[in-house]
Amino acid sequence: MIDTMNKLAYSKDEPADLVNVAIEELIHQKYELPIYNTLKDAANDVRKRSYRMIYHNLLNENQKESVNQLFEVSEGSTNSPWNQLKEDAKRVTLSHLELSLLAEIG
1 MIDTMNKLAY SKDEPADLVN VAIEELIHQK YELPIYNTLK DAANDVRKRS
51 YRMIYHNLLN ENQKESVNQL FEVSEGSTNS PWNQLKEDAK RVTLSHLELS
101 LLAEIG
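In terms of the UniProt record's numbering, the sequence shown opens at residue 1 and continues consecutively.
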């Protein structure tokens, strides 16, 4: 189940998608289904690991620095740039965030 989620973690961003894939795999293997929270927690763990792998293995040092700056609060401010990005969360998608970061990174 975890292996199946790991394979799809880079193409599916929503934890619900990973949970659905895990359910399909468990049914295919004729296992009894665990409670939903177990699957949800596993999906969240897989997603966290995939994000860390992307950060550590795919980004160069300049890109990492740009990402890190999103979480730094400048002097005289109470919010980080990340908080400013989150204000429009209803319109922001992962692909939009990626495009914005890539545009800033250059």
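Using N, Cα and C, we set each Cβ at its ideal position, and we do this for glycine too.
Hey, quick one: how far does the alpha helix (DSSP H) through residue i stretch, first residue to last?
i: residue 38; result: 36-53
i: residue 17; result: 15-28
i: residue 95; result: 94-105
i: residue 85; result: 81-86
Indicate the three-state DSSP secondary structure (helix, strand or coil) for residue i in the structure shown.
i: residue 4; result: helix
i: residue 73; result: coil
i: residue 66; result: helix
i: residue 59; result: coil
Determine the closest residue to residue i out of the options, with distance taken between C-alpha atoms.
i: residue 2; options: 62, 43 and 103; result: 43
i: residue 28; options: 14, 16 and 4; result: 4
i: residue 60; options: 14, 8, 73 and 105; result: 105
i: residue 51; options: 96, 9, 103 and 100; result: 9
Within the chosen definition, does the segment 44-64 reach the segment 77-89 through at least 3 CB pairs nearer than 8 angstroms?
no
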